[in-house]
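Peer 1: Sequence order for the protein chains is C and S. Residue 98 in this note's numbering is what sits at position 98 of the first sequence, and the numbering runs on without skipping anything. Residue 1022 in this note's numbering is what sits at position 22 of the second sequence, and the numbering runs on without skipping anything. A virtual CB, placed ideally from N, CA and C, is assigned to each residue, including glycine.
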Amino acid sequence: GAVVSQHPSWVICKSGTSVKIECRSLDFQATTMFWYRQFPKQSLMLMATSNEGSKATYEQGVEKDKFLINHASLTLSTLTVTSAHPEDSSFYICSARSEGHGYTFGSGTRLTVV
Amino acid sequence: QKEVEQDPGPLSVPEGAIVSLNCTYSNSAFQYFMWYRQYSRKGPELLMYTYSSGNKEDGRFTAQVDKSSKYISLFIRDSQPSDSATYLCAMSVIKAAGNKLTFGGGTRVLVKP
């Protein structure tokens, strides 16, 4: 089956630094990748949608200059949290979509900003 | 009103019982329906997906879709403690490659040994 690899699985960083999260589709090419944020005991909140080679489309209320998304190839998308602050601490999950594989999720990244 | 409504639970059942989960939705354009299972601190795992009204069965899981009532259900037979997780319904308007999923809030399920 389709596999999406997300790294790192957890990261702790100091306030003011930037953190990069990678999302790779291992055995298929993803036409679209999605980035979500999830707070404890809540559902997934879509942050942005990205298609390979084009700019990401951000959901309302998501700061595009703070959450930088790069989708350089059909198998790799990255989310960079710039100048992270404690309120950015959350669980971030990527999802990759292709015509033959539907939506496949990564295992998530737990970000803690101290 | 949210586009997709789902009871947050928790839903507690004894081992071996049938777990019944459901979601209602308001957008009649939704055509593609999915159920995901999410363990704590993990990404969602696809359990079932369906395009059409009616029932779809896969092992212990049965998904039902009633488009006329805008209501979907997931049944888990012979529940096991390992089924304890949060179950999320999701749906999308089909076809467009960039189509995003709209999730329900998730139902936490506890299966007690």
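Could you please give me the residues that DSSP links to Ile1018/S through a beta bridge?
Peer 2: For the purposes of this step, residue 1018/S is identified with residue 18 of the second sequence, where counting begins at 1. Ile1018/S pairs with nothing; no bridge assigned.
Peer 1: Rounded to the nearest angstrom, how far is the Cβ of Ser43/C from that of Leu1088/S, given a contact under 8 Å?
Peer 2: Position 43 of the first sequence, counting from 1, holds the residue named residue 43/C. Position 88 of the second sequence, counting from 1, holds the residue named residue 1088/S. Between Leu1088/S and Ser43/C the Cβ distance is about 6 Å, and since that is below 8 Å, they are a contact.
Peer 1: If Cys1023/S sits next to Gln1006/S, beta carbons under 8 Å apart, how far is it from one beta carbon to the other, in whole angstroms?
Peer 2: Position 23 of the second sequence, counted from the start, is the residue given in the question as residue 1023/S. Position 6 of the second sequence, counted from the start, is the residue given in the question as residue 1006/S. About 5 Å separates the two Cβ atoms, so the contact holds.
Peer 1: For Ser5/C, which residues of its own chain have a beta-carbon under 6 Å away from its beta-carbon, when the five flanking residues on both sides are left out?
Peer 2: In the first sequence, counting from the first residue as 1, residue 5/C sits at position 5. Answer for Ser5/C: Arg24 and Leu26, listed in chain order.
Peer 1: Can you pull the chain C neighbours of Tyr1134/S, defined as C-beta to C-beta under 8 Å?
Peer 2: Because chain S in this structure spans residues 1001 to 1113, residue 1134/S falls outside the shown range and cannot be described.
Peer 1: Give me the Cβ distance between Ala1085/S and Arg1037/S, rounded to the nearest whole Å; I'm assuming they're in contact under 8 Å.
Peer 2: For this step, residue 1085/S is matched to residue 85 along the second sequence. For this step, residue 1037/S is matched to residue 37 along the second sequence. About 5 Å separates the two Cβ atoms, so the contact holds.
Peer 1: Applying the 10 Å Cβ sphere with the 16-neighbour rule, what's the burial state of Pro1113/S?
Peer 2: Along the second sequence, read from residue 1 onward, the residue named residue 1113/S stands at position 113. With fewer than 16 other Cβ atoms within 10 Å, it is exposed.
Peer 1: Quick check: what's the CA-CA separation for Tyr58/C versus Arg1060/S?
Peer 2: Against the first sequence, residue 58/C aligns to sequence position 58. Against the second sequence, residue 1060/S aligns to sequence position 60. Going by the C-alpha atoms only, they are around 38 Å apart.
Peer 1: Would His7/C be called buried (16 or more neighbouring beta carbons within 10 Å of its own) or exposed?
Peer 2: Reading the first sequence from its first residue, position 7 is the one you call residue 7/C. Label assigned to His7/C: exposed.
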